[in-house]
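Below you'll find the structure, written out as structure tokens, and then a few comments.
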Amino acid sequence: MGKVFSVLRRKANRFNVETRAQLIISKAKPTPAPQYPSTVKLLERISKEFPNIAEEQATKDVSLDERLRQVFVRSHDTQPIDPCPWSEATWKNRNLVFMSLRWCRGVAVL
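Under my numbering, the first residue of the sequence shown carries the number 2, and numbering increases by one thereafter.
What follows is the structure, encoded as structure tokens:
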């Protein structure tokens, strides 16, 4: 019985596929939102001052690529300067907690 339903469902899904696909393809493409006048002025000024900026941004600069390859970052695991008082020993000794107001992970610890 399951095969009968799957065959019927497949036939229903494939019915008139070409016309439905053509309708979706022929829909009007969404137009971009209008730009603010200040943005339009800024883009015009930049294009006048730097006429080749689009080509420069599109091409790869070999010297910058070589400089990037020379950069080496080494990371070390360090202990936090002021660890949060979330340990069980700190909570048992409430005098340590109430001595000062501390901020830890965005929460005021009293």
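We put the CB at the ideal spot given by N, CA and C, even for glycine.
Bear in mind the structure is a predicted one, so any value in this text is a computation, not a measurement.
Same chain only: Cβ atoms within 7 Å of residue i, ignoring 5 sequence neighbours per side
| i | result |
| --- | --- |
| I47 | I54 |
| A22 | none |
Between the CA atoms of residue j and residue i - distance to the nearest angstrom
| i | j | result |
| --- | --- | --- |
| E7 | N14 | Note that residue 7 is Ser in the sequence shown, not Glu. If I take the Cα positions, the gap works out to 10 Å. |
| A29 | Q71 | 49 Å |
| Y37 | E45 | 13 Å |
| G3 | F16 | 20 Å |
| V41 | P31 | 20 Å |
| R75 | P52 | 40 Å |
| R11 | T20 | 17 Å |
| L9 | L24 | 24 Å |
| P33 | V5 | 47 Å |
| K49 | L43 | 10 Å |
| E57 | V18 | 45 Å |
| E67 | A59 | 17 Å |
| F73 | S39 | 41 Å |
| K61 | S27 | 37 Å |
Contact set for residue i: own chain, Cβ-Cβ below 6 Å, skip 5 residues either direction
| i | result |
| --- | --- |
| L69 | none |
| G107 | Because G107 carries a pLDDT of 49, less than 50, the predicted location of this residue cannot be relied on, and the following value inherits that uncertainty. Cβ within range, chain order: n/a, list empty. |
| S64 | none |
Residues near residue i by beta carbon distance below 8 Å, same chain, minus five either side
| i | result |
| --- | --- |
| M100 | Any reading at M100 needs caution, since the residue's pLDDT is 48, under 50, leaving its predicted position unreliable; the model's value is listed next. Counting only Cβ-Cβ distances below 8 Å, and skipping sequence neighbours, we find nothing. |
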